[in-house]
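Asker: The structure under discussion is supplied below as structure tokens; questions concerning it will follow.
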């Protein structure tokens, strides 16, 4: 009968090793320990552990065996076990010089920095090497606690004990590099001799400094190879060579170097990471995915593994998986540029533009290091419909390599911005045609849409679609372009095609909802958005689109607040709905509700600067000035390079009546941002409040120098002179500004100053001159019409608003005013104008109020009452709307309803200035 097969076969090599170990195990303890030391010298921790456990089986009180077992366990990665064995050795009488440095190192590897500094900072050991080793470990523990002075003092102690102690010199070099002094770090490494046991580590660190601090790839490679000459089996040096070869794009050479590392350390985390990197560099994303997944099983919280795994999933089209992996990587380490680019890209592909915007780095407006990220920001804002802002990002995208398509694209967009339109567009078309990427295509399409060259944009979108045939992006952009042509049918068809490709691509859903609402089908729009929310309950963008839709269709503040609360419940980790709800309450004069929401928001997301901002403003609105300052101080800690926290503090100081503190905070804001207009305007107001117009004028002239082609500096100077009724000087400042920039604001202010100076003929001449030289400016006639309306000069006001509407047929405010004037003058067309104004800007209480009054004048009482009731519902705090509703009810014959309204207005007393009219109307009932 045959012997049964074994269920598992022991590999021959492993079996041989086990036999050898068991053979050695039969010897004396000294021989076993000598054997274990040999294994440790070869980094074979498992074999050493077997030998040492054989010793301790018969000799459990051997301090030397305990020490060696601690070393073996530490080498194998069992840090807790190593600490236990070192402590047993200590208890068994091992020399402090032998055991303490090793125990301290185990504590350091276990992250017990505070225990190291508590137990060993003051301990002195007898031998110089032991003292140097211990003090180096203590120094590292101090540094990890942020105690730089104590770190330096401990390093000095280590070097005092042993001047050439390589680990101390290496840590000192690292500290210099972290402070930005790469040269000092390199000089420090020069002190470490090549025969030192740490020479390999020192040379590898030299390579890192040359690569990342000096950008010298050749010198870095020489240092890495030198490290391997000194220590041929040094795995970190081998890994550094592979990484640098990959960075240089030398994938074949990297593969050869990695093969040697894989033979020396198969299946180790570092090897798996480099294998995944190599596969990714060779566009073998499936292999990259497999290696990264193996790595994550070994090190589940390794942010580098998560980053690489997420990028592999992204390139394989698994966007949901990519999002989860990359988001986790960034939670563990926020400063991962590749992971952040990948996460933003995943959100764009998933249609989550709200998340894409929030995932952009906080310093994106100052980022000049990462052209890929800046260009990606341009794409995100472009898809969001902000083409001007997108163009600014495309123009800023830069690279050190002039052959890089991103750099060429940046230069072309810059030429476009400087007025070299046709040449720049031609260059963009050339780049887009020659590059497999889409940065140039996106920049070209954005530039064409910005210039309203829709037909050319559509051709560029066709070219993009050839590069990305299965992607929703070109189809979505085609729909956006068709909207610019007012081809709503074509746009709708394009968006529906997007949803055929990806039913969950929300930007297309949002556009279709807008089109539904514009077609007078708000219920269809609402149903569409609610269906999207049902499919993706956590989609903040969908929820907020529903809030916007309901606001556009007259939802009251309570409904909008409830909708925002639902968004918070659906996406508790998103700051956006919490911020919007707090802002909603502040905007509606509900400071206590705003404060409650903001407090809950900051409790949930304590380090979100926007939420701290709204919390501070809510606290200030509730009179909690000290708490507001604390919130703004926290903002300043989180954003030390931002002037905004100090501007907020200054505003809160002014609310609290503390001008001195406000002035100090404005100065701090200007130290951070010397051309901060808000800070300068605040300083002007403070100077005027304390009767120092000279100081205010000096600031206004600084603004003029900083912004010579902007109106604001001249407006500030004119306001300062006007405050002292120095009308001629005010006019002079405004005229100086008009020589620099043809600003309607300056023109209007000059007209007003001349009138205030009693120079009406000159003001009239100026108005005629401006209207003649600026025939396309609608702002100035709007100003003249509003002024005439205030003076009850209705025919003149009518003439000016007709001029505005001729220039801007869709100016809802001008149409509303025009309708009211026609109604007062008894002219035809009033209802037509007001209906158009309300169609252009629906649910605007002021426009609806005009409409209701005109309907009442036309004896359309039922419609008038219904409409004015809606106005009052939208803004119940505006008592003038209730007075108009009372008038409409009287004319409709609804005396009881009118009486109730008038009684309510009477009860308001001095809070309502039109009490005389209320009394007059009461007498008519």
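Residue numbers (this note's numbering): 665 to 1589.
Ideal Cβ positions, reconstructed from N, Cα and C, are used throughout, including at glycine.
Just to confirm my understanding: we take residue 1581, look at its own chain, exclude 5 residues before and 5 after, and list those with CB closer than 8 Å. What are they?
Answerer: For the purposes of this step, residue 1581 is taken as residue 917 along the chain shown, with counting starting at 1. Only 1547 meet the Cβ criterion.
Asker: Cβ of residue 899 within 9 Å of Cβ of residue 887?
Answerer: Taking the first residue of the chain shown as position 1, residue 899 is located at position 235. Taking the first residue of the chain shown as position 1, residue 887 is located at position 223. No.
Asker: What is the residue span of the alpha helix (DSSP H) that residue 724 lies within?
Answerer: Here residue 724 refers to the residue found at position 60 when the chain shown is read from its first residue. Taken as a continuous stretch (DSSP letters only), residue 724 belongs to no alpha helix (DSSP H), as it is neither H nor E.
Asker: Shortest alpha-carbon distance to residue 1247 belongs to which of 1230, 1037 and 1279?
Answerer: Within the chain shown, numbered from 1, the residue matching residue 1247 stands at position 583. Per the Cα distances, 1279.
Asker: My output table needs one value for residue 734: the three-state DSSP class, helix, strand or coil.
Answerer: Here residue 734 is taken as the residue at index 70 of the chain shown, counted from 1. The answer is helix: DSSP assigns residue 734 an H, G or I state.
Asker: Quick one: Cα of residue 1554 to Cα of residue 1214, how far?
Answerer: Within the chain shown, the letter at position 890 stands for residue 1554. Within the chain shown, the letter at position 550 stands for residue 1214. So the two alpha carbons sit approximately 32 Å from each other.
Asker: Look at the alpha carbon of residue 1228 and the alpha carbon of residue 1177, and state the distance between them as a whole number of angstroms.
Answerer: As a first step, residue 1228 is located in the chain shown; it is residue number 564 there, counting from the start. As a first step, residue 1177 is located in the chain shown; it is residue number 513 there, counting from the start. Cα to Cα, residue 1228 sits roughly 19 Å from residue 1177.
Asker: Whole angstroms are fine: how far does the CA of residue 693 sit from the CA of residue 721?
Answerer: Numbered from its first residue, the chain shown carries residue 721 at position 57. Numbered from its first residue, the chain shown carries residue 693 at position 29. Answer to the nearest angstrom: the Cα atoms are 10 Å apart.
Asker: Quick check on DSSP: helix, strand or coil for residue 647?
Answerer: Residue 647 is absent from the model: the chain starts at 665 and stops at 1589.
Asker: Confirm, please, whether the CB-CB distance from residue 1521 to residue 1493 is below 9 Å.
Answerer: Your numbering for residue 1493 matches position 829 in the chain shown. Your numbering for residue 1521 matches position 857 in the chain shown. Cβ distance not < 9 Å, so residue 1493 and residue 1521 don't count as in contact.
Asker: Alpha carbon to alpha carbon, how far is residue 1216 from residue 843?
Answerer: Within the chain shown, numbered from 1, the residue matching residue 1216 stands at position 552. Within the chain shown, numbered from 1, the residue matching residue 843 stands at position 179. Cα to Cα, the separation comes out at about 54 Å.
Asker: Pick helix, strand or coil for residue 1576, following the three-state DSSP scheme.
Answerer: Taking the chain shown and counting its residues from 1, the one referred to as residue 1576 is at position 912. Three-state DSSP puts residue 1576 in coil, outside helix and strand.
Asker: Helix, strand or coil for residue 1450, going by three-state DSSP, please let me know.
Answerer: Against the chain shown, residue 1450 aligns to sequence position 786. Of the three classes helix, strand and coil, the one that applies to residue 1450 here is helix, per DSSP.
Asker: Compute the Euclidean distance between the alpha carbons of residue 1025 and residue 960, then round it to the nearest angstrom.
Answerer: Position 361 of the chain shown, counting from 1, holds the residue named residue 1025. Position 296 of the chain shown, counting from 1, holds the residue named residue 960. Approximately 26 Å, taken between the alpha carbons.
Asker: For residue 1169, is the classification buried or exposed, using 16 other Cβ atoms within 10 angstroms of its Cβ as the cut-off for buried?
Answerer: Translated into the one-based positions of the chain shown, residue 1169 becomes position 505. Its Cβ being crowded by 16 or more others within 10 Å, residue 1169 is buried.
Asker: Identify whether residue 1139 lies in helix, strand or coil by the three-state DSSP scheme.
Answerer: As a position in the chain shown, residue 1139 is number 475, starting the count at 1. Residue state, collapsed to three classes: helix.
Asker: Hey, would you say residue 737 sits closer than 9 Å to residue 746, going by beta carbons?
Answerer: Residue numbering aside, residue 737 sits at position 73 when the chain shown is read from its first letter. Residue numbering aside, residue 746 sits at position 82 when the chain shown is read from its first letter. Closer than 9 Å, so yes.
Asker: In three-state terms, what does DSSP make of residue 1541?
Answerer: Reading the chain shown from its first residue, position 877 is the one you call residue 1541. Here residue 1541 sits in coil by DSSP.
Asker: Tell me which same chain residues have a C-beta within less than 7 Å of the C-beta of residue 1224, skipping the five on either side of it?
Answerer: Taking the first residue of the chain shown as position 1, residue 1224 is located at position 560. Only 1211, 1214, 1215 and 1248 meet the Cβ criterion.
Asker: So, are the CB atoms of residue 1251 and residue 1276 less than 9 Å apart?
Answerer: One-based indexing of the chain shown puts residue 1251 at position 587. One-based indexing of the chain shown puts residue 1276 at position 612. Contact check for residue 1251 against residue 1276 fails: the beta carbons are separated by 9 Å or more.
Asker: Starting from residue 1367, trace the alpha helix (DSSP H) both ways and give me its first and last residue.
Answerer: Your numbering for residue 1367 matches position 703 in the chain shown. Residues 1357-1370.
Asker: Quick one: what's got a C-beta closer than 8 Å to residue 1558's C-beta in the same chain, skipping five residues either side?
Answerer: By 1-based counting over the chain shown, the position of residue 1558 is 894. Annotation for residue 1558: 1529 place their beta carbon closer than 8 Å to its own, counting only its chain and skipping 5 residues before and after.
Asker: Tell me which residue opens and which closes the alpha helix (DSSP H) that residue 1485 is part of.
Answerer: Taking the chain shown and counting its residues from 1, the one referred to as residue 1485 is at position 821. Segment 1476-1489, the alpha helix (DSSP H) holding residue 1485.
Asker: Assuming contact is defined by CB atoms lying nearer than 9 Å, are residue 1527 and residue 1519 in contact in what I supplied?
Answerer: Numbered from its first residue, the chain shown carries residue 1527 at position 863. Numbered from its first residue, the chain shown carries residue 1519 at position 855. Judged by beta-carbon spacing, residue 1519 lies within the 9 Å limit of residue 1527, meaning their Cβ atoms are closer than that value.
Asker: What do you get for residue 1060, buried or exposed, if any count of 16 or more other CB atoms within 10 angstroms of its CB means buried?
Answerer: Working through the chain shown from its first residue, we reach residue 1060 at position 396. Under this definition residue 1060 is a buried residue.
Asker: Do residue 1352 and residue 1329 have their C-beta atoms within less than 9 Å of each other?
Answerer: Within the chain shown, numbered from 1, the residue matching residue 1352 stands at position 688. Within the chain shown, numbered from 1, the residue matching residue 1329 stands at position 665. Not closer than 9 Å, so no.
Asker: Which residue from 1457, 1513 and 1441 puts its Cα closest to that of residue 1480?
Answerer: If you number the chain shown from 1, residue 1480 lands on position 816. For residue 1480, the nearest C-alpha among the options comes from 1513.
Asker: For residue 1472, which residues from the same chain have a beta carbon less than 8 Å from its beta carbon, with the 5 sequence-adjacent residues on both sides left out?
Answerer: Taking the chain shown and counting its residues from 1, the one referred to as residue 1472 is at position 808. Here the set comprises 1442 and 1478.
Asker: Hey, could you find the ends of the alpha helix (DSSP H) residue 1154 is sitting in?
Answerer: For the purposes of this step, residue 1154 is taken as residue 490 along the chain shown, with counting starting at 1. Start and end: 1152-1165.
Asker: With 16 other CB atoms within 10 Å as the buried threshold, where does residue 800 fall?
Answerer: Locating residue 800 in the chain shown gives position 136, counting from the first residue. Buried, since its Cβ has 16 or more Cβ neighbours within 10 Å.
Asker: Just how far apart, CA to CA, sit residue 871 and residue 1152?
Answerer: Along the chain shown, one-based indexing puts residue 871 at 207. Along the chain shown, one-based indexing puts residue 1152 at 488. Answer to the nearest angstrom: the Cα atoms are 60 Å apart.
Asker: Count the other C-beta atoms from every protein chain shown that fall within 10 angstroms of the C-beta of residue 1567, then say buried if there are 16 or more, exposed otherwise.
Answerer: Residue mapping note: residue 1567 aligns to position 903 of the chain shown, counting from 1. Under this definition residue 1567 is an exposed residue.
Asker: Given a cut-off of 9 Å on the beta-carbon distance, is the pair residue 856 and residue 835 in contact?
Answerer: For this step, residue 856 is matched to residue 192 along the chain shown. For this step, residue 835 is matched to residue 171 along the chain shown. No.
Asker: Would you call the segment 949-964 and the segment 915-927 touching, i.e. three or more CB-CB distances under 8 Å?
Answerer: no
Asker: Does the Cβ-Cβ distance between residue 829 and residue 864 come in under 9 Å?
Answerer: Indexing the chain shown from 1 puts residue 829 at position 165. Indexing the chain shown from 1 puts residue 864 at position 200. No. Outside cutoff.
Asker: Check residue 692 in the structure and name its three-state DSSP category.
Answerer: As a working mapping, residue 692 is identified with position 28 in the chain shown. Coil, per DSSP.
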